[in-house]
Every structure is written in C-alpha cells, then in structure tokens.
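The working numbering applies: residue 162 is where the sequence shown begins, and numbers increase by one. Notes follow the structure.
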Amino acid sequence: MQHQNLFVFDIETIPDCNAAKKLLNMPDADVKELRAAIENYHLDVTNQKSSFLRQPFHKIITIGFLEAKIIRDFDGNEFYKIIEIRCGGDSKTKEADLVKGFFSHLKKIQPRFVSFNGRNFDLPVLKYSSMKYNIEAGWFYKLGDKWNSYNQRYSLDWHCDLADAFSDFGASSRVKMNELCAAFNLPGKIDIDGSQVTSLFDDNKLQEIRDYCECDVINTYLLYLIYQHHCGSMSSESFKKSKDDLKDFMQDKLQKKPHFSEFIKYL
C-alpha cells in the first residue's frame, strides 16, 4: 500500500484518577492523594526504578498532529505538502471524543504514521483509551499484511516511530527527542516539558499544553525530514522544498499561533 498522507502525532496526558481509584481501592481519596498513590504503586512494581505510569493509567487531554500530502516525483522522491498543524477538538473536548475523532479521521485517510516513541507510549495509550470507551477501530488491525501494517514494528512506511528508527530498533542507545533536537540544532522543547503538563492542567492552562503539544509535533516532523533525506526517500531538492512549505504554512498561521515563531526562525 502506498500511503497518500502523512500523519505526525503526539499526545499529552495526566494521571487517570478513576483508574487509580479502582486499582488501589481508594474510593474517598482526592486527586492529589490518588496521583501520589499511583506513582508509589509504579515505584513498587518496578523495584523503585520508575514512577512513570503504565499506559492504561493515562488520561488523554490533547492530541496534536501535523497532516501532509505525500507527493512523489518520477524517481520516487517524496515531498510533503502541509495540510494542517493543530490539536484535535478544543479545550473543552472530552477524552472519549478526542479518541473517537482520532480513529475516525485516520480511518478515512489511512496515512503513514510518524511519531517519537509512539509505538511504546502514544499509540498504546490511545488503544487502551478507545477500549475504555468501546470505540471500534478494526480497520487499524486489518489493513496491510503480515509484514507491512500499522502493527508491524519494522514497517516504517506504515508507522515510522523515530525513537526506533534512529536507534536501529535498540541496536544503539535510544535517545530523547530533545537530545536529537540539540544535536541537529532544531528548536526542541520551548519553555515547557512533559513533566509540567499535569500542573499546567491543574492551573487551567490547557491552551499552553496544546501549544506545547503542537511544538512537539513540529519537532518530530523536522526530525522525520532529516531522517527521510538521510535514508534517500527525499532528494536534497524535495527536502528543502518540504522545509520551505512548512515555513510558509507557519508564517500564514503565525498571528493565531505565535508559538510557531521559533520554528520560522530556524527554517
């Protein structure tokens, strides 16, 4: 299957206190108590190695994405024409509607996915959330074949998880997005990092979270362009053309999306 669209995505989450309440049998606990307890639980089950919550215990508060058209020349070189960069829904959209919208839209366009650590975190969280709300996504599992599909880890044309791609699937050390951005002189994370999302949510600063999520998506896209050019999927001309198109798109949206400014400076 030759995909016609590119879909770069990222999610932001907070602890799912309802799941924590059920697991830990703490029906009367408040939010702070539940968050502390579920982190302690994860420390216990990992022998004090990590308090990071396993995928079913995350609640999705925003889904950011970049959608682009994949255009191929006669030699097979790919150029990406930006269609949209935004977050799904708005600041009041419920988790169930975000997830339903995600799978519904992707069913229509059946794109090539691009993520950073998406196979390990973002997609599993989205799958668990869709099952929690009884959202059907059979198409996601049925498309493709044994070797080429959304669920085949090594099928980078279906889902290019850059955390896997850059590390040769664990043959070398896995690096963080911000580390790669620093190494490649990309803007990286601006002002906010993932550890601040829950406190920003508590302060009703969801728009700041959405802006941050969009920045992560753009960083992921820029890393993908570098990777595709290195691997020979893009010529030097189509690589530059794709970056120029991104810059033009962001300049048109800059008045409403001032967080694009650092990327425009880079481009």
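Ideal Cβ placement from N, Cα and C applies to all residues, glycine included. Computed from a prediction, not measured in an experiment: that's the story for all the values here.
For R280, the secondary structure class from DSSP, reduced to helix, strand or coil, is helix. Around the beta carbon of Q389, 16 or more other beta carbons sit within 10 angstroms, so the residue counts as buried.
F170 sits away from S316, with the two beta carbons spaced by 9 Å or more. Counting along the chain, no beta strand (DSSP E) covers G349, and no H or E run does either. Here DSSP, grouped into helix, strand and coil, assigns H164 to coil. Here P419 is exposed, its C-beta having fewer than 16 other C-beta atoms within 10 Å. Counting along the chain, K242 sits inside the beta strand (DSSP E) bounded by residues E239 to C248. When DSSP assignments are scanned along the stretch 178-248, the uninterrupted stretches of alpha helix (DSSP H) that are 4 or more residues long and fall wholly within it turn out to be 178-185 and 192-206.
In the three-state DSSP reduction, I172 falls in the strand class (E or B). The stretch 384-398 makes contact with the stretch 327-343: 3 or more CB pairs, one atom from each, lie closer than 8 Å. Spanning the alpha carbons of A324 and K307 requires a straight line of approximately 22 Å.
Between F240 and S399, the CB-CB gap stays under 9 Å. The residue from L428, G393 and R371 with its alpha-carbon nearest to that of E173 is R371. Under the 10 Å beta carbon count, V378 is surrounded by 16 or more other beta carbons and is classified as buried. When rounded, the separation of the alpha-carbon atoms in D189 and G279 is 34 Å. Between C248 and G225 the beta-carbon gap is near 5 Å, inside 8 Å, which marks them as a contact. In its chain, beyond the 5 residues on either side, H203 and L204 have a beta carbon closer than 8 Å to the beta carbon of S211. Runs of beta strand (DSSP E) with 3 or more residues, each lying fully within the stretch 291-339, are found at 320-322, listed in chain order.
Its chain contains L317 and Y388 as the residues whose beta carbon lies nearer than 8 Å to that of A326, once the 5 sequence neighbours on both sides are disregarded; these appear in chain order. Buried is the label assigned to A229, since at least 16 other Cβ atoms lie within 10 Å of its Cβ. R273 has L167 as its beta-bridge partners, per DSSP. A direct Cα-Cα distance of roughly 28 Å separates Q313 from D177. Between Q271 and L304, the C-beta spacing is below 9 Å. In this structure, I425 is the residue among I425, Q209, F218 and D234 with its C-alpha nearest to the C-alpha of K404. Note that the C-beta distance between N309 and W300 is not below 9 Å. In this structure, L185 keeps its C-beta atom at 9 Å or more from the C-beta atom of I221. Assigned with DSSP and collapsed to three states, K417 falls in coil, not helix or strand.
In the three-state reduction of the DSSP assignment, K268 falls in the helix class.
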